[in-house]
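Visitor: Quick one: the structure is below, questions incoming.
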Amino acid sequence: MAAVILSAKALVRSFGGLRAVDGVDLDLLSGEIHALIGPNGAGKTTFVSLLSGRIAPDQGQITLAGEDITRLPAHLRVRKGIAYTFQITSIYPRLSVFDNVALAAQARGAGNLKAEVHAALLRVGMAELSNQEAATLSYGHQRLLEVAMGLALNPRVLILDEPTQGLASGEIAGFVALVRSLVPQTTVLLIEHNMDVVMDLAQRITVLNHGKVLAQGSPTEIRSNRAVQAAYLGVDHAET
Amino acid sequence: MKIWILHIAVLLALVLAQLVLPPYHANNLSRILVLAVFAMGYNISFGYAGLLSLGHALLFAAGMYGAGMLVHHAGMPALPALIAGGLAGGAMAGLVGLLALRTAGVSFMIVTLMFAQVGFLSILYFNGVTGGDEGIALTGPQRQILGLDMTQDTPRFWVALILFAIALLVKLALVQSRFGRLMLAMRENEERSRMLGLNPFGIKLKILVISGVFSGVAGAAYALLFGYLGGSFASVQYSILPMLYVLLGGAGTVLGPLLGAGLMFYLVDFTSGLTSAYLMVVGAALVVLVLFAPKGILGTLRERWLPWLP
Amino acid sequence: MEGLVKAAVLALTAVGLSLVFGVMRVVNVAHGAFFMLGAVLAWTVAQYVPGDPMFGWFAALLIAPAIVAAIAATADTFVLKRLNYDPEATIVATIGLLYILEQAALSLFGPDAKPVPAPFNIRLQLPWFGYSGYKIFVVFAAVAVLLAVWWFMTRTRAGLVMRATQVDRQTARAFGINVDRVYAGVFALGAGLAAIAAVLLVPISQAHYLMGGDPLLLSFIVVIIGGLGSLRGTLVAALIIGLSDGVISMFWSPTLAKIIATAAVAMVLVFRPQGLFGARA
């Protein structure tokens, strides 16, 4: 069994009276693609925000390769190798595609910026758009630029928050191939609503519901899990 | 390449201007060049990094009094005092930044305004040392830079131009460097920057300090070249002027501050012949710019025709 | 009594600033200029009304704030609205407005301070010391205006509309509220309050084209200490600052008092942006 690279223990985070994340344990194994799914409001984005350091946990512990990073500010976690791509596209709109990716590369002290940026853009198939202003890109390309910025960080763990949201089906196939090509050098934690993508990519799946882990296992196990079905059906049909 | 040629050409044109312009205008140009250095400092923080400060008069005054006090009270020669002025501006910017950068946006504007006001009032309060409202006039022997006499128009122009040239080329190199890209990143998307592993607070603090050094050098040069330091240079108005120059010339352009300072200087010069209410012109210019040309002259040029303009 | 008068005038001015910031998220640097304009216009009106000073002053109380409010509404419509109320652009624009108004006042009214006679000169004689009847009147008038503002904001439909816009501009628009008109109204109301404060104060001090600086600074201090946008906090802070101002200047020179106050307020904004009395911890 592969080593644990990123580990969350009993994480808790409340907003007002709501426990958005309520005692979640999760171990990411080095080199795996791990999907995090759950109905809307299950606490997925809050949970990965705790991992990436965008918000601080009320309780619990986060370790990266055995080192406690619970109190580390976000930008230092990124330097240690946890990259996060935003659910709502967050790029530098008035800078060129090159500059967007170069900022990621130079943030980790890359030596040859041109080569590194080119390599990252090549992987997402945007090398020829290098000089274009990011704001003028199509939505799909902006999502890919976001991923390219994540790649240019050369992360140990890449957290993708709903990366396929808003992509056309043709673009999704290319995206799936891209993510698959990242492992095992990089470990991927994927928040995703598109079940086809999840079942296709993930080796293991964690299901969150009401801020707690509902189930964890392989795609087959999750598919046949009664509780998961209920949670999803419950959200779809319950009147409350 | 083309970029460096353009900026060298501008510097050569300024040399030529000194040779052909009548003394009155050549003298004005000296003032404009020093004010442009101040505006370049403002542009570094506001135009490139998006830090809208309303307190840069404090940094200008720190340089002015840093240099002027050393010359007047301690008898320091002008050149080291000029450098000391730059350091004073940078140190003051660092101090203000440590506090003010905990805030952002509107709060940042008000906090910087208030710190500058504290500085202004302190200069008035400690009038025994600073000369307060009256100010201090520097004498001829105190204004010798490398054997050049700053009471004479021509050597004064050359010193102003050399200072401006250094500032311009440093700024050009800065905005084209990796650090220049970081500056833009602060303006464009701070949260994204944090999630790329950058430390926005540290980067913005560095930017403010660099901006402070420019402003401080400009303040010191103003005192030494024109022989006077006074409390009014620390007033709110001297925080607004560089902003106006930058807005007019083009925020986030290397040459914008020079263009803005020059145009505004002559606009005020021209209208003050017609009316005493020249501040009305400043006010109207602010409103018109912010309404109709928020990108300024060079910013608009860059957007339409010259995308390569730094 | 001096402290109470100061607090009353300050509260009126600061509530105007606070209202504008609270509803529109606009930091109005020209607020002091509106105050000054109110005073200068009061002098002008008083010049043209013959007879007892009382008529001139009461005419000024009606006319000056109305003119100032109209100027503010115009500025809002032609400048601030077109900037889409972008916070930073509006600050720059209101700085421009401040310069324009100050210079206009200088050109039209000259550089001298203009006295405006008080509407009445009654002294309230108590056994130990006397009070100027007018100063007592100022305090009561300010309280009355503040109560009216409070009533307007909490009990009338227009006030409700303003508060709704403050909570959420988009939703207010969706509910058919004419946000542009609300904003123009709020900006005019804020400026008008400053002008009323100035008319109340002007028989005690004098009208001068540079008189807007101190009220602006003090209003900022009050609004920041009271918590940005909180009317109740603004009132409490105005009372404390107005009353303590006299005490402070007994120990220190006015300049030193200003230095300390300004630095302290900057620190409040840095370390407690919600104000000293803000609800959020």
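So the sequences go chain by chain: U, H and R.
Numbering (my numbering) for the first sequence: 300 to 539.
Numbering (my numbering) for the second sequence: 2 to 311.
Numbering (my numbering) for the third sequence: 5 to 285.
A virtual CB, placed ideally from N, CA and C, is assigned to each residue, including glycine.
Near A145 (chain R), what residues of its chain come up, given a Cβ to Cβ distance below 7 angstroms and the 5 sequence neighbours on each side ignored?
Guide: By one-based count along the third sequence, residue 145 (chain R) stands at place 141. If we look at A145 (chain R) and ignore the five residues flanking it on each side, its Cβ neighbours are L204.
Visitor: Using the beta-carbon of each residue, which ones in chain R are nearer than 9 angstroms to G106 (chain H)?
Guide: As a position in the second sequence, residue 106 (chain H) is number 105, starting the count at 1. Here the neighbours are P91 and E92.
Visitor: Need the endpoints of the beta strand (DSSP E) that F314 (chain U) sits in, please.
Guide: Position 15 of the first sequence, counting from 1, holds the residue named residue 314 (chain U). That run of the beta strand (DSSP E) goes V303 to F314.
Visitor: I'd like to know whether the C-beta of Q51 (chain R) is nearer than 8 angstroms to at least one C-beta of chain H.
Guide: Taking the third sequence and counting its residues from 1, the one referred to as residue 51 (chain R) is at position 47. Chain H, which has no Cβ nearer than 8 angstroms to the Cβ of Q51 (chain R), makes this no.
Visitor: Can you pull the chain H neighbours of K262 (chain R), defined as C-beta to C-beta under 7 angstroms?
Guide: For the purposes of this step, residue 262 (chain R) is identified with residue 258 of the third sequence, where counting begins at 1. Correct list: L122.
Visitor: Secondary structure at H536 (chain U), three-state DSSP: helix, strand or coil?
Guide: As a position in the first sequence, residue 536 (chain U) is number 237, starting the count at 1. Below a pLDDT of 50, predicted positions are generally treated as unreliable, and H536 (chain U), at 43, falls in that range; the measurement from the model is reported next regardless. Three-state result, H536 (chain U): helix.
Visitor: Would you say G284 (chain H) lies against chain R (beta-carbon separation less than 8 angstroms)?
Guide: Within the second sequence, the letter at position 283 stands for residue 284 (chain H). With 8 angstroms as the cut-off, G284 (chain H) counts as an interface residue toward chain R.
Visitor: Taking the alpha-carbon of K85 (chain R) as reference, which of R:I71, R:E106 and R:R29 has the nearest alpha-carbon?
Guide: Residue 85 (chain R) sits at position 81 when you count from the first residue of the third sequence. Nearest C-alpha to K85 (chain R): R:R29.
Visitor: Can you give the beta carbon distance from E106 (chain R) to L21 (chain R), rounded, assuming they're within the 8 angstroms contact cut?
Guide: Translated into the one-based positions of the third sequence, residue 106 (chain R) becomes position 102. Translated into the one-based positions of the third sequence, residue 21 (chain R) becomes position 17. About 17 angstroms; that fails the 8 angstroms criterion.
Visitor: Is the shortest distance between the beta-carbon of L310 (chain U) and the beta-carbons of chain H less than 8 angstroms?
Guide: The residue given as residue 310 (chain U) occupies position 11 in the first sequence. No, L310 (chain U) lies away from the interface with chain H (no Cβ there is under 8 angstroms from its Cβ).
Visitor: Tell me the DSSP secondary structure of G67 (chain H) in three-state form.
Guide: Counting from 1 along the second sequence, the entry for residue 67 (chain H) is found at position 66. In the structure shown, G67 (chain H) sits in a helix (DSSP, three-state: H, G or I).
Visitor: Say the cut is 7 angstroms; is the CB of L125 (chain H) nearer than that to a heavy atom of the ligand FMN?
Guide: What this structure holds is no ligand at all, so the ligand FMN is not there to describe.
Visitor: So, for A285 (chain R): in the same chain, excluding its five sequence neighbours on each side, which residues have a beta-carbon less than 6 angstroms away from its beta-carbon?
Guide: Within the third sequence, the letter at position 281 stands for residue 285 (chain R). Confidence in A285 (chain R) is poor, its pLDDT being 35 and thus under 50, which makes the residue's placement unreliable; the coordinate value appears in the next sentence. Hits under 6 angstroms: none found.
Visitor: Using the rule of at least 16 other Cβ atoms within 10 Å of the residue's Cβ for burial, across every protein chain shown, is E415 (chain U) buried or exposed?
Guide: As a first step, residue 415 (chain U) must be located in the first sequence, where it is residue number 116. Its Cβ being crowded by 16 or more others within 10 Å, E415 (chain U) is buried.
Visitor: Roughly how many whole angstroms lie between the Cα atoms of Y279 (chain H) and P258 (chain H)?
Guide: Here residue 279 (chain H) is taken as the residue at index 278 of the second sequence, counted from 1. Here residue 258 (chain H) is taken as the residue at index 257 of the second sequence, counted from 1. Computed Cα separation, rounded: 20 angstroms.
Visitor: On a CA-only basis, which of H:V237, H:V176 and H:F227 is nearest V255 (chain H)? Give me that one, please.
Guide: Looking up residue 255 (chain H) in the second sequence gives position 254. Selected option, being the one with the closest Cα: H:V176.
Visitor: If I follow the unbroken beta strand (DSSP E) through I208 (chain R), where does it start and stop?
Guide: Taking the first residue of the third sequence as 1, we reach residue 208 (chain R) at position 204. Run containing I208 (chain R): none; DSSP gives neither H nor E here.
Visitor: Using three-state DSSP, classify K296 (chain H) as helix, strand or coil.
Guide: Counting from 1 along the second sequence, the entry for residue 296 (chain H) is found at position 295. K296 (chain H): coil per DSSP, three-state reduction.
Visitor: For I508 (chain U), list the residues DSSP reports as bridge partners.
Guide: One-based indexing of the first sequence puts residue 508 (chain U) at position 209. Here residue 508 (chain U) is Asn; the residue named in the question, Ile, does not match the sequence. Partner(s): U:K511.
Visitor: In its own chain, which residues sit with a C-beta less than 6 angstroms from the C-beta of G67 (chain H), not counting the 5 before and 5 after it?
Guide: Reading the second sequence from its first residue, position 66 is the one you call residue 67 (chain H). So the qualifying residues of the chain are A85, G86 and A89.
Visitor: If you draw a straight line from the C-alpha of A37 (chain H) to the C-alpha of Y223 (chain H), how long is it?
Guide: Taking the second sequence and counting its residues from 1, one reaches residue 37 (chain H) at position 36. Taking the second sequence and counting its residues from 1, one reaches residue 223 (chain H) at position 222. For A37 (chain H) and Y223 (chain H), the distance between alpha carbons rounds to 11 angstroms.
Visitor: Would you kindly work out how many angstroms separate the C-alpha atoms of N44 (chain H) and S212 (chain H), rounded to a whole number?
Guide: The count along the second sequence starts at 1 and reaches residue 44 (chain H) at position 43. The count along the second sequence starts at 1 and reaches residue 212 (chain H) at position 211. Taking the straight line from one Cα to the other gives about 8 angstroms.
Visitor: What are the boundary residues of the beta strand (DSSP E) that H333 (chain U) is part of?
Guide: Residue mapping note: residue 333 (chain U) aligns to position 34 of the first sequence, counting from 1. Where H333 (chain U) is concerned, the enclosing beta strand (DSSP E) stretches over I332 to I336.
Visitor: Nearest to Q143 (chain H) by alpha carbon, out of H:G250, H:H74 and H:L102?
Guide: As a first step, residue 143 (chain H) must be located in the second sequence, where it is residue number 142. The residue with the shortest Cα to Cα distance from Q143 (chain H) is H:H74.
Visitor: For a contact defined as C-beta to C-beta under 7 angstroms, what are the partners of R179 (chain H) on chain C?
Guide: The question asks about chain C, but that chain is absent: this structure's protein chains are U, H and R.
Visitor: Specify the secondary structure class of S212 (chain H) as computed by DSSP and reduced to three states.
Guide: On the second sequence, residue 212 (chain H) is found 211 positions in, with the first residue counted as 1. Reduced to three states, the DSSP call for S212 (chain H) is helix.
Visitor: Rounded to a whole number of angstroms, what is the C-alpha to C-alpha distance between A283 (chain R) and L122 (chain H)?
Guide: Residue mapping note: residue 283 (chain R) aligns to position 279 of the third sequence, counting from 1. Residue mapping note: residue 122 (chain H) aligns to position 121 of the second sequence, counting from 1. Only weak support exists for where A283 (chain R) lies, its pLDDT of 49 falling under 50; the value from the coordinates is given anyway. So the two alpha carbons sit approximately 33 angstroms from each other.
Visitor: Does A285 (chain R) come within less than 8 angstroms of chain H when only Cβ atoms are used?
Guide: Position 281 of the third sequence, counted from the start, is the residue given in the question as residue 285 (chain R). Bear in mind that the predicted position of A285 (chain R) carries a pLDDT of just 35, short of 50, making it unreliable; the figure below should be weighed with that in mind. With 8 angstroms as the cut-off, A285 (chain R) does not count as an interface residue toward chain H.
Visitor: Suppose only complete runs of 4+ residues qualify. What are the alpha helix (DSSP H) ranges in the segment 84-155 of chain H, listed by chain order?
Guide: As far as the segment 84-155 of chain H is concerned, its whole alpha helix (DSSP H) runs of at least 4 residues are 106-126 and 128-131.
Visitor: Look at the alpha carbon of V269 (chain R) and the alpha carbon of K511 (chain U), and state the distance between them as a whole number of angstroms.
Guide: Translated into positions along the third sequence, residue 269 (chain R) becomes position 265. Translated into positions along the first sequence, residue 511 (chain U) becomes position 212. Rounded to the nearest angstrom, the two C-alpha atoms are 45 angstroms apart.
Visitor: Specify the secondary structure class of T384 (chain U) as computed by DSSP and reduced to three states.
Guide: Taking the first sequence and counting its residues from 1, the one referred to as residue 384 (chain U) is at position 85. Three-state DSSP puts T384 (chain U) in a strand.
Visitor: Does the structure place the segment 222-236 of chain H close enough to the segment 58-65 of chain H that three or more beta carbon pairs sit under 8 angstroms?
Guide: Yes, they touch.
Visitor: Within this structure, are the beta carbons of Y246 (chain H) and A235 (chain H) separated by less than 8 angstroms?
Guide: Locating residue 246 (chain H) in the second sequence gives position 245, counting from the first residue. Locating residue 235 (chain H) in the second sequence gives position 234, counting from the first residue. Their beta carbons are not under 8 angstroms apart, which means Y246 (chain H) does not touch A235 (chain H) by this criterion.
Visitor: Going residue by residue through the segment 356-432 of chain U, where are the continuous beta strand (DSSP E) segments of at least 3 residues, counting only ones entirely within it?
Guide: List check, beta strand (DSSP E) in window: 358-363 and 381-384.
Visitor: Quick check on L14 (chain R): buried or exposed, where buried means 16 or more other Cβ atoms within 10 Å of its Cβ?
Guide: Here the question's residue 14 (chain R) lines up with position 10 in the third sequence. Buried, because 16 or more other Cβ atoms sit within 10 Å of the Cβ of L14 (chain R).
Visitor: For D326 (chain U), write down the residues that DSSP places opposite it in a beta bridge.
Guide: In the first sequence, counting from the first residue as 1, residue 326 (chain U) sits at position 27. Partner(s): U:S306.
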